[in-house]
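In the numbering used here, the protein residues as written are 51 to 373.
All C-beta atoms in this analysis are idealised placements derived from N, C-alpha and C, irrespective of residue type, glycine included.
First the structure, in the form of structure tokens, and then the observations on it.
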Amino acid sequence: MPLSEFGLIERYFSGLGAIREDVSLGIGDDAALVQAGGGTLALAVDTLIEDVHFPADAPPRSIGHKLLAVNLSDLAAMGAAPAWALLALTLRNVDESWLADLRDGLDGLARAHGVALVGGDTTRGGRITASVFVAGQVERPMRRDGARVGDDLWVSGIPGEAAAGLTLWQNGQRSGEAVEALVARLHWPEPRVALGRSLRGVASAAVDISDGLLADAGHLSARSAVAIRVCVECLPVSPALASVGGTAARDYALSGGDDYELLFTAPASAADQVRAAADAAATPVTRIGEVVEGPAGVAVHDTHGRRLAIPRTGYQHFSGDGE
Ligand code: ADP
Ligand code: MG
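Next up, the structure:
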């Protein structure tokens with residue numbers, strides 16, 4: 051049986067190298083936490099590959115934006131303030147107008163978040179591949195392992211819009227108000243850095259949704275060793291997402307990837323503080339479930355308490371035996 055992506059990481063990379071006392075949190079969260087210069091740094095790296103993470107015909111400015119956005123999203127999930135980035139770029143050939151646009155997309159988002167590009171690497175290869183490493187400072191970080199029974203489960207924004215946008219884009223649809231809104235969510239994800247910052251001390255645990263809401267809720271649940279119940283009717287739906295019709299909106303919301311929204315838990319008594327944190331960050335949030343007793347796992351219920359059978363999903367590069 052081939053190894054899954056997570057099984058592979060666990061078998062070959064966990065515990066690799068020296069044991070250092072300045073590592074507060076290693077493999078298994080959205081970012082690593084290390085002690086440096088009298089404070090805590092959050093470190094994360096993510097790669098985008100042509101035709102895997104972005105369509106080859108995506109606007110290059112949006113590729114630059116998304117490349118940094120997916121990394122800032124991991125820092126946002128920790129509550130970190132991004133500061134520095136390195137860029138490793140593999141190109142097939144030099145297309146200067148494409149590169150100029152990629153640069154503009156990266157530069158716009160980097161400036162908006164106070165991030166400096168301080169290094170990287172440039173190589174030639176068969177497929178456009180870009181990795182960004184980011185580091186940021188954080189006090190009182192949020193982790194995936196702090197969810198407790200009785201907490202509420204919250205999500206930012208409208209999960210599912212990006213996945214709906216991907217289907218529309220792949221089907222060649224480019225115009226119309228709803229189509230443009232959904233495709234924009236695919237190409238121009240907005241990392242929830244401000245929300246992550248303002249949730250510190252309020253949220254008990256957080257993860258960013260990159261692989262799909264249920265898959266990433268599964269990570270929260272496993273790391274916190276709690277069960278999570280998602281209320282299907284509680285999922286936020288925008289008019290654009292509703293326009294895809296039928297149960298597709300629900301399926302995109304639960305199983306589609308590429309949202310880069312924050313999924314987080316907080317004590318039920320802190321609901322007002324969550325709303326105040328969301329207001330301060332000008333980011334909409336919705337309560338979509340709760341943390342309950344039971345073995346780690348994620349269940350989807352309707353408002354009558356009936357459990358819905360949703361196939362276990364989430365994007366994995368190596369699906370293996372499904373963990
Ligand atoms: P995310 O979706 O938040 O970027 P991933 O699902 O990619 O996180 O990775 C899960 C965890 O495994 C993270 O803590 C990540 O740093 C770690 N990880 C992934 N690949 C490797 C690797 N090749 N070596 C070491 N750690 C890895
Ligand atoms: Mg993440």
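Beta-carbon contacts of residue i that lie in its chain and below 7 Å, excluding the five residues immediately before and after
i: serine 74; result: Leu83, Val84, Gln85, Thr90
i: serine 271; result: Ala277, Ile278, Ala346, Gly347, Val348
i: leucine 218; result: Val229, Leu232, Val233
i: threonine 353; result: Cys281, Glu283
i: aspartate 371; result: Low confidence applies to aspartate 371: its pLDDT is 39, below 50, so where it sits in the model is not reliable, and the reading given next is rough at best. Hits under 7 Å: Met51, Ser54.
i: valine 199; result: Val276, Val341, Val342, Glu343
i: isoleucine 59; result: Ile77
i: serine 64; result: Ile77
i: glutamate 373; result: Annotation note: pLDDT 31 at glutamate 373 (below 50); position unreliable, no value reported.
i: alanine 292; result: Ala299
i: histidine 237; result: Ala108, Pro109, Ser112, Lys116
i: arginine 273; result: Gly78, Arg194, Asp195
Counterpart residues of residue i in DSSP-defined beta bridges
i: proline 132; result: Gly186
i: aspartate 79; result: Ile77
i: arginine 174; result: Leu141
i: isoleucine 278; result: Val341, Val348
i: tryptophan 204; result: Phe314, Arg337
i: leucine 358; result: Val350
i: alanine 92; result: Leu83, Gly186
i: alanine 180; result: Leu98, Leu139
Rounded Cβ spacing between residue i and residue j (contact assumed at less than 8 Å)
i: glycine 196; j: serine 254; result: 4 Å
i: isoleucine 360; j: valine 350; result: 5 Å
Own chain residues within Cβ distance below 6 Å of residue i, not counting five before or after
i: proline 286; result: Ile208, Thr336
i: aspartate 309; result: Pro209, Ala212, Ile259
i: alanine 68; result: none
i: threonine 172; result: Leu139
i: alanine 330; result: Ser248
i: arginine 357; result: Ala349, His351
Backbone secondary structure at residue i - three-state DSSP
i: glutamate 100; result: strand
i: proline 209; result: coil
i: tryptophan 219; result: helix
i: aspartate 301; result: helix
i: glycine 226; result: coil
i: valine 168; result: strand
i: alanine 255; result: strand
i: histidine 269; result: helix
i: histidine 115; result: helix
i: serine 123; result: helix
i: valine 294; result: coil
i: leucine 159; result: helix
i: valine 199; result: coil
i: glycine 306; result: coil
i: aspartate 329; result: helix
i: arginine 235; result: helix
i: serine 260; result: coil
i: aspartate 107; result: coil
i: proline 289; result: helix
i: tyrosine 249; result: Note that residue 249 is leucine in the sequence shown, not tyrosine. Of the three classes helix, strand and coil, the one that applies to leucine 249 here is helix, per DSSP.
i: glycine 67; result: coil
i: serine 54; result: coil
i: arginine 61; result: helix
Closest by C-alpha distance to residue i, when choosing among the options
i: glutamine 220; options: Ala106, Asp72, Asp79; result: Ala106
i: glycine 57; options: Arg70, Glu71, Asp72, Gly78; result: Gly78
i: glutamate 189; options: Gly88, Glu60, Ala292, Pro317; result: Gly88
i: methionine 192; options: Ala256, Leu118, Arg161; result: Ala256
i: glycine 262; options: Phe104, Ala119, Gly226, Arg300; result: Arg300
i: histidine 163; options: Trp148, Arg242, Val102, Glu146; result: Arg242
i: serine 147; options: Val120, Leu236, Pro109, Leu122; result: Pro109
i: glycine 170; options: Phe104, Ala180, His103; result: Ala180
i: leucine 93; options: Leu66, Phe104, Gly129, Glu71; result: Gly129
i: alanine 327; options: Val102, Val144, Ser206, Gly186; result: Ser206
i: phenylalanine 104; options: Leu152, Asp80, Leu136, Arg61; result: Leu152
i: alanine 320; options: Arg356, Val294, Ala267, Arg250; result: Arg250
i: proline 239; options: Ser225, Gly215, Ser305; result: Gly215
i: alanine 265; options: Val294, Arg235, Tyr302; result: Tyr302
i: arginine 161; options: Leu149, Trp134, Ala267, Gln187; result: Trp134
Own chain partners of residue i with C-beta closer than 8 Å, once the 5 adjacent residues on each side are dropped
i: glutamine 323; result: Val252, Ala316
i: leucine 122; result: Pro132, Leu159, His163, Val165, Val184, Pro241, Val243
i: proline 289; result: Ala228
i: leucine 245; result: Ala126, Ser206, Leu312, Ala327, Ala328, Ala331, Thr333, Val335
i: arginine 61; result: Leu53
i: arginine 177; result: Ile99, Glu100, Asp101, Thr140, Arg142
Any chain C beta carbon closer than 7 Å to residue i
i: alanine 331; result: Considering every chain present, this structure includes no chain C. It has just one protein chain.
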